[in-house]
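Working notes, beginning with the structure itself.
Chains as they are written, first to last, in this note's numbering: chain A, 215 to 525; chain B, 1366 to 1594; chain C, -12 to 280.
Below, the structure written as structure tokens:
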């Protein structure tokens, strides 16, 4: 597997705020790589560092096996990006926006090609309309067309479905999948819309407060064999000690605040509950996490510290 | 002794009245000479020397029509002509005969001897208080005049004669007049070049000079009065 | 760089505010020309003060196209820098505000290239604005009011330049004015790099110019010695130096001369120094800046 993006020990310090802390991850060729985190987790900061908008305080970034710091222009030639909202010139037409983006990306592009791109995102009929007359969804689609105009190998999309209606979100989702499967593009998508990431990403990175929480394939993260089970009792500390004396100890996850989290195959849940009953543990709830959203919430709540895990 | 004193007294009376007669007749002769000129159109180069005025040497035309009309014109550019160029008109000095002429004796002006004649206007309403003429008796030419006015200070005319002397027309005329000038400060947003101090100029700012060097005259060929409007 | 420059100019001339600047200049000049047609004599009288007690002032001749052009330039001293800043103060900050700045930075163009191209676009805009002003103030004034000798007031004297000797001075003056206005462009450009919205740089530039102009004209000795020689605003008036004709000891002007050319050159080099300072600062800041917008 060729790593398209390799990030090692990336840190960004803003005065007394550490926005990104010692983050390491890699994106392989052909991945649709989901980058997850709550608002303020450090996703945008990380993406801005990948795109040289922000200078890292420490760490290294390699893209296409080249050091971003020393091969910036070469690397950026093959990257298309949308950050938060599409960067478009509102007082220019859709056509002129794409024409400009092509030029400054160092690409000579014909009028027909521009119209093809507009066709691809369903905006050919509005090619000569000023962007300020576009709806949010149309702008988002034009933004993607702009990001693709120079046929980049790597797409970095920060919240690409921002402000879109369900249909718009579905359209973007399908486009991303198509770009990956049909055109072999590597795509890094950041979002707080976890359900969307679940549907499209083959690998996922979750960060919280600038720290990596988990990185792995969604198959594994969502694998029933790796179901996260959260247990709540009347006395969690005592219950945890009791569980640690049983064979269930091997499934116990480290938690800072004494919450009881285990990871095992979903099918073992009834047996586990029986064990708790036998031990006279006063159980309030046993919650399995089946979706990425549950997993994400469990790992990123404010009081929890989890050691970063790569799967 | 008495006889000598008496003879001296008589001699003085005769000479003074003769002198008074001399002054009047001298003035008349000068006037007659000037009256030979009915009009002229002259070309000249005019130098303006005024402390606060820096101007190029101008090619001017001077028009004259007997007895009072005189106009200096610059057709090609701008010239600052002294007000009331009638002051430059020699005829104006003594055209109306309504004055008392007093002999001021003979002095040397440059290399030539000139007779000083002071003219006191009899009309008290006259703007002029006193005119002093320096006359070259031999050639009947006014070489210099100094005129003191009530409201406009003193001005001087100095004439140099050459090829037009027989017509009483000067080759070069220098007119010195009083000036005052003050520009409001801060009005002009000047470019401060630094260094050059103009206080010396300010002291000289009381007097200005116009110097006209005549290059040609066209005399008595007729000059329309519309030119003087 | 050429593509980017074309696009920067395209963006500048696509914005309505650019045409406000051109329109404002046209309106101001037209108003001044109209005022001088009606009241020109009074303005000349004001300039010559009480000189008309002694000399006949040829008001109509003085109030010619060249003189009107000179006075237009004089009066536009405060206004045109504002109109320059209106566009140049927006060129970086406006894009930061719109979000399109990050678009440029994520493209395979160096930040230095981006910022210098933007500044070059500012320079071109400034020169076009100046040419527009030159055309309206000089060409139109001369066409409407004719040409004659130019009489210029300099604090305690009047200087007269012969008609044939005037035009080259205007070319030189406009050349100088271009440099002066580029200083303003560079200042507002630098402020634009520091800001995330364009109001700050525009207002900041105008405020700086007004404050420094007031300090320059106050005539307070401590400012005149310690501060004034170093202010760029002092040297921006250097275009007038081309009209300060030299004169001999008799006070007669010398055709084709300039009284203090070295002073003009000194001002020009100080202005050039300011341009270098402002632009270099802008480049350094922009290269280091984290783009958070």
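Backbone N, C-alpha and C fix where the C-beta goes; we use that ideal spot for every residue, glycine too.
It should be emphasised that the depicted structure is a prediction, and the values quoted were computed from it without experimental measurement.
Within the DSSP bridge table, the entry for residue 476/A names 443/A, 466/A as partners. Under the Cβ criterion of 8 Å, residue 136/C is counted among the residues facing chain B.
Annotation: the continuous alpha helix (DSSP H) that includes residue 75/C extends over 66 to 75. Taking the Cα positions, residue 1437/B is about 7 Å away from residue 1425/B. Contact annotation, residue 1419/B with residue 147/C: C-beta distance approximately 7 Å; criterion of less than 8 Å satisfied. Residue 1510/B sits away from residue 41/C, with the two beta carbons spaced by 8 Å or more. Within 10 angstroms of the beta-carbon of residue 1523/B lie 16 or more other beta-carbons, which makes it buried. Nearest to residue 145/C by C-alpha distance, out of 232/C, 115/C, 74/C, 261/C, is 232/C. At least one beta carbon of chain A lies nearer than 8 Å to the beta carbon of residue 1/C. What residue -9/C touches in chain A, judged by beta-carbon distance under 7 Å, is 318, going in chain order.
Residue 239/C has 1420/B as its beta-bridge partners, per DSSP. For residue 246/C, the secondary structure class from DSSP, reduced to helix, strand or coil, is coil.
Each residue's CA atom was taken as its position, placing residue 338/A and residue 384/A some 20 Å apart.
Among the bridge pairs identified by DSSP, residue 231/A is matched with 228/A. Per DSSP, the beta bridge partners of residue 1464/B are 1486/B. In the three-state reduction of the DSSP assignment, residue 1445/B falls in the coil class, being assigned neither a helical nor a strand state. Taking a Cβ-Cβ cut-off of 7 Å, the neighbours of residue 237/C in chain B comprise 1412, 1414, given in sequence order. Interface with chain A (8 Å Cβ-Cβ cutoff): residue 4/C is excluded.
Distances from the alpha-carbon of residue 110/C to those of 271/C, 273/C, 262/C, 275/C put 262/C closest. Boundaries of the beta strand (DSSP E) around residue 1536/B: 1535 to 1543. With a cutoff of 8 Å on beta-carbon distance, residue 221/A and residue 296/A are scored as not near each other. At a cut-off of 8 Å between beta-carbon atoms, residue 255/C makes no contact with chain B. Legend: CB atoms of the segment 89 to 110 of chain C lying less than 8 Å from CB atoms of chain A belong to residues 89, 90, 91, 92, 93, 94, 95, 96, 97. Under a criterion of Cβ atoms nearer than 8 Å, the residues of chain C adjacent to residue 1555/B are, in order, 141, 142, 224, 227. Beta bridge pairing from DSSP links residue 406/A with no other residue. Note: residue 362/A is not bridge-paired with any residue in the DSSP secondary-structure output. DSSP lists no beta-bridge partner residue for residue 106/C.
Annotation for residue -9/C: 104 place their beta carbon closer than 6 Å to its own, counting only its chain and skipping 5 residues before and after. Proximity of residue 1511/B to chain C, defined by a Cβ-Cβ separation below 8 Å, is not satisfied. The Cβ atoms of residue 301/A and residue 368/A lie no closer than 8 Å to each other. Rounded to the nearest whole angstrom, the CA to CA distance from residue 1493/B to residue 1521/B is 13 Å. If the five residues before and after residue 152/C are omitted, its C-beta is found closer than 8 Å to the C-beta atoms of 232, 242, 243, all from its own chain and listed in chain order.
Between residue 444/A and residue 475/A, the CB-CB gap stays under 8 Å.
Residue 59/C is a Cβ neighbour of residue 16/C, given a cutoff of 8 Å. Within the segment 322 to 380 of chain A, the complete alpha helix (DSSP H) segments at least 4 residues long are 325 to 334, 350 to 362, listed from N- to C-terminus. With contacts defined as CB atoms closer than 8 Å, residue 288/A and residue 299/A fail to qualify as a contacting pair.
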